Structures are given as C-alpha cells and as structure tokens.
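**Student:** Counting from 71, one number per residue, gives the positions in the sequence shown under the working numbering.
Note that beta-carbon positions come from the ideal geometry of N, C-alpha and C, so glycine has one too.
Computed from a predicted structure; not experimentally measured.
Please see the structure below; I have some questions.
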Amino acid sequence: MTWSAKKYSTFEQERTRPVRDLVAAIPTKAVRHAIDLGCGPGNSTEVLAARFPQAQVSGVDSSDDMVAAARQRLPGMDFALADIAAWNPAQPFDVILANASLQWLPDHATLYPHLVKQLAPGGSLAIQTPDNLEEPAHRLARQIAADGPWTGKIGAVKHPARHSADFYYALLQPLCTRVDVWRTTYFHPLAGGPSAVVEWFEGSALRPFLGPLDADEKAAFLARYLQAVTEAYPPLPDGTVLLPFPRLFIVANR
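As structure tokens, this is what we get:
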C-alpha cells in the first residue's frame, strides 16, 4: 500500500485547514524542538513552522514519496523516513504534531501514552484524526469490497479501530496537566461533484481497498463506487458536492 504525494495534495487547501485549527490551539509557548509525525508532503509541517518560527522543526513519514515531496517543499528542514509506531527519539520534544496520521496505526491505548512520554515538561501533543468511518464514503467502500469479484482480496479490509473522545480523554488525562478534546465537521465544497469525492478518497481512505487489485478490478471497483457515491452525495444545482468530513482533535499537555 503506497502513498502518492501528488494525489494526496490535490485537495491540499481542504486537507490543510484542520491542521491550521489544531496548531492554533497549541498552548506551549517556549518551543525549541517540534516534530510532525506523518508529515505527508510537508503542508502540515509548514503550518507548524509558521506557528513556531524560532523552533527547530522536523518531520517523519513512512512513505518515500511523501518524504521526497516534503524535502522539495521545505528544503531547509530535516525530514526522515520512519515508522511512527516504532518512533523512539533520543531527545524530548516541546511539540509533537500528528495530523491525520495516527488513524492508520493500531493500539492507540499504547501509542498515545508513548507519545506523551516523548514530550518535554510543559510540552504539547497535538493530534487530529478523521472521525468518519461511519460516513457514507467509508460504509460504501466496505460494502462494495464485500460484494464483488474482488471479495477474496479485499472483503475483509478494515481500517484500524478509532475511539471516542471519552476514550482518549480517559487515556490521557492521568498522564497530562491538561487535555482538550473537540470534534469539528468540515463541509468541503468540491467543484468536481461526485467524481471529486471519489478522487478525494482515492488518495486516502480507499488505498487499502485499491492496493491489492489489478488494473481491471480497480477500474470496476471505482466505477461502482462512483455510482454509489453519486447517490449518497447528490450534487447541488451548480454541480458542487458539499462533502461533510468530521474530525477529532486532541491537544494534551504534559
């Protein structure tokens, strides 16, 4: 399952808005070292660096393509290829940002406390994860995967479990001086209509479904998905689809 920085960046303005809201809520002021876990093509790292211009900002990602795009975008910063699940830095950080990355990893009950431990005293862990597994776009992908000639390949595909705000608050509150949790639903106007909805998720949530398929199967899957998405997300009179996208935010201070 590979990432495409070009495809992911197609909707960069919409994908970057949540990280702007997240980074603006970080209360830590004296920031010397900050890192972006799952930096993608560097758009979130750029927001982090603008918020803390005096800090040494770095980023990591598990995708070669994403790291290459981030280095091209921000040549003065340090970007490394790394697995967040195995990330164990030699020094503490004042800010750890994880924007739309931790939802791809399992065992949040272990991962989140581990990340808190990598903070310097007074530091902030800032996390944003899509909270949309029950939205039509996800439900339809699972239904189509389970009902077609590709079922043997992808019928059992599931994204790693995500949890409620209560779960994360209870997990982090004993370890932190302050935990702020909130949920926001963004409504993204996509001028391309239902086809744009498919393109959006083709660059993210559909990757586990499309990865195992051959070219013909992928084309057939996407055709069925587009038909279903057109019914679930009817376009407005001007052809635009208003895509609801709920996201969960956490800012935890050590």
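1) What would DSSP say about isoleucine 96, mapped onto helix, strand or coil?
2) Am I right that alanine 168 and leucine 107 are in contact with their C-beta atoms under 8 angstroms? What's the rounded C-beta distance?
3) By how many angstroms is the C-alpha of arginine 324 removed from the C-alpha of valine 56?
4) Assign histidine 184 to buried or exposed, taking buried as 16 or more other Cβ atoms, counted over all protein chains shown, within 10 Å of its Cβ.
5) Considering only C-alpha positions, which residue in the set Phe149, Ser128, Phe122, Gln126 is nearest to aspartate 135?
6) Closer than 8 angstroms by C-beta to threonine 221: which residues in its own chain qualify, once you throw out the five before and the five after it? Chain order, please.
7) Less than 7 angstroms between the beta carbons of proline 200 and glutamine 161, yes or no?
8) Kindly indicate which three-state DSSP category aspartate 106 falls into: helix, strand or coil?
9) Is valine 127 near alanine 119, with beta carbons less than 7 angstroms apart?
10) Could you give the residue range of the alpha helix (DSSP H) that holds valine 299?
11) Between which two residues does the alpha helix (DSSP H) holding glycine 222 run?
12) Going by beta carbon distance, what residues of the same chain come within less than 8 angstroms of glutamine 243, once the five residues before and after it are set aside?
13) Cβ atoms of threonine 310 and proline 259: under 7 angstroms apart, would you say?
14) Rounding to the nearest angstrom, what Cα-Cα distance links tyrosine 182 and alanine 152 in this structure?
15) I need the straight-line Cα distance from alanine 235 to glutamate 204, nearest angstrom please.
16) Run through DSSP, which three-state label would valine 127 get?
17) My output table needs one value for alanine 75: the three-state DSSP class, helix, strand or coil.
18) What are the boundary residues of the alpha helix (DSSP H) that threonine 199 is part of?
19) With a 10 Å radius around its C-beta and 16 neighbouring C-beta atoms as the bar for buried, classify alanine 125 as buried or exposed.
20) Could you please give me the residues that DSSP links to tryptophan 252 through a beta bridge?
21) Which residues mark the beginning and the end of the beta strand (DSSP E) in which asparagine 326 is found?
22) Take phenylalanine 319 and list the residues in its own chain whose beta-carbon comes closer than 6 angstroms to its own, dropping the five residues that flank it on each side.
23) Buried or exposed: which applies to methionine 71, given that a residue is buried once 16 or more other Cβ atoms fall within 10 Å of its Cβ?
24) In its own chain, which residues sit with a C-beta less than 7 angstroms from the C-beta of proline 191, not counting the 5 before and 5 after it?
25) For leucine 195 and isoleucine 96, what's the separation of their Cα atoms in angstroms?
26) According to the Cβ coordinates, are isoleucine 224 and proline 176 closer than 7 angstroms?
27) Here's the rule: buried if 16 or more other CB atoms are within 10 angstroms of the residue's CB, otherwise exposed. What is glycine 129?
**Tutor:** Straight from the coordinates:
1) Within the sequence shown, residue 96 is the residue found at index 26, counting from 1. Looking at isoleucine 96 - three-state DSSP - the assignment turns out to be coil, as it is neither helix nor strand.
2) Position 98 of the sequence shown holds residue 168. Position 37 of the sequence shown holds residue 107. About 4 angstroms; that satisfies the 8 angstroms criterion.
3) With the chain represented from 71 up to 324, any question about residue 56 goes unanswered, as that position is not in the structure.
4) On the sequence shown, residue 184 is found 114 positions in, with the first residue counted as 1. Flag for histidine 184 reads exposed.
5) Here residue 135 refers to the residue found at position 65 of the sequence shown. Considering only alpha carbons, the answer is Phe149.
6) For this step, residue 221 is matched to residue 151 along the sequence shown. Excluding sequence neighbours, threonine 221 sits near Ala215.
7) Along the sequence shown, one-based indexing puts residue 200 at 130. Along the sequence shown, one-based indexing puts residue 161 at 91. No, the pair does not count as a contact, with Cβ atoms beyond the cut-off.
8) Taking the sequence shown and counting its residues from 1, one reaches residue 106 at position 36. Three-state DSSP puts aspartate 106 in a strand.
9) Within the sequence shown, the letter at position 57 stands for residue 127. Within the sequence shown, the letter at position 49 stands for residue 119. Yes; because the gap between Cβ atoms is below 7 angstroms, this pair is in contact.
10) Here residue 299 refers to the residue found at position 229 of the sequence shown. It spans 285-302 - the alpha helix (DSSP H) in which valine 299 sits, taken as one unbroken run.
11) On the sequence shown, residue 222 is found 152 positions in, with the first residue counted as 1. Element bounds for glycine 222: 221-224.
12) As a working note, residue 243 is residue 173 in the sequence shown. The residues are Val249.
13) Translated into the one-based positions of the sequence shown, residue 259 becomes position 189. Translated into the one-based positions of the sequence shown, residue 310 becomes position 240. Yes, these two residues count as a Cβ contact at 7 angstroms.
14) Mapped onto the sequence shown, residue 182 falls at position 112. Mapped onto the sequence shown, residue 152 falls at position 82. Roughly 17 angstroms separates the two Cα atoms.
15) Working through the sequence shown from its first residue, we reach residue 235 at position 165. Working through the sequence shown from its first residue, we reach residue 204 at position 134. Going from the Cα of alanine 235 to the Cα of glutamate 204 covers about 15 angstroms.
16) Counted from its first residue, the sequence shown places residue 127 at position 57. It is a strand residue.
17) Working through the sequence shown from its first residue, we reach residue 75 at position 5. With a pLDDT of 47 at alanine 75, under the threshold of 50, the modelled position of that residue is not reliable, and no figure is offered here.
18) In the sequence shown, the residue the question calls residue 199 occupies position 129. Looking at the DSSP string, threonine 199 is not in any alpha helix (DSSP H); the run it does join, the beta strand (DSSP E), is 189-200.
19) Position 55 of the sequence shown holds residue 125. Counting Cβ neighbours within 10 Å, alanine 125 comes out buried, since at least 16 surround it.
20) Taking the sequence shown and counting its residues from 1, the one referred to as residue 252 is at position 182. Per DSSP, Phe319.
21) Residue 326 is absent from the model: the chain starts at 71 and stops at 324.
22) Your numbering for residue 319 matches position 249 in the sequence shown. Closer than 6 angstroms at Cβ, skipping near neighbours: Leu92, Gln198, Trp252.
23) Working through the sequence shown from its first residue, we reach residue 71 at position 1. Because the pLDDT of methionine 71 is 49, which lies under 50, any placement of that residue in the model is unreliable, and the number read from its coordinates should be weighed accordingly. It counts as exposed.
24) Here residue 191 corresponds to residue number 121 of the sequence shown, with the count starting at 1. Cβ neighbours of proline 191 beyond the five flanking positions: Arg324.
25) As a working mapping, residue 195 is identified with position 125 in the sequence shown. As a working mapping, residue 96 is identified with position 26 in the sequence shown. If I take the Cα positions, the gap works out to 8 angstroms.
26) Taking the first residue of the sequence shown as 1, we reach residue 224 at position 154. Taking the first residue of the sequence shown as 1, we reach residue 176 at position 106. Against a cut-off of 7 angstroms, the Cβ pair of proline 176 and isoleucine 224 comes out as no contact.
27) Start at 1 with the first residue of the sequence shown, and residue 129 comes out as number 59. Counting Cβ neighbours within 10 Å, glycine 129 comes out buried, since at least 16 surround it.
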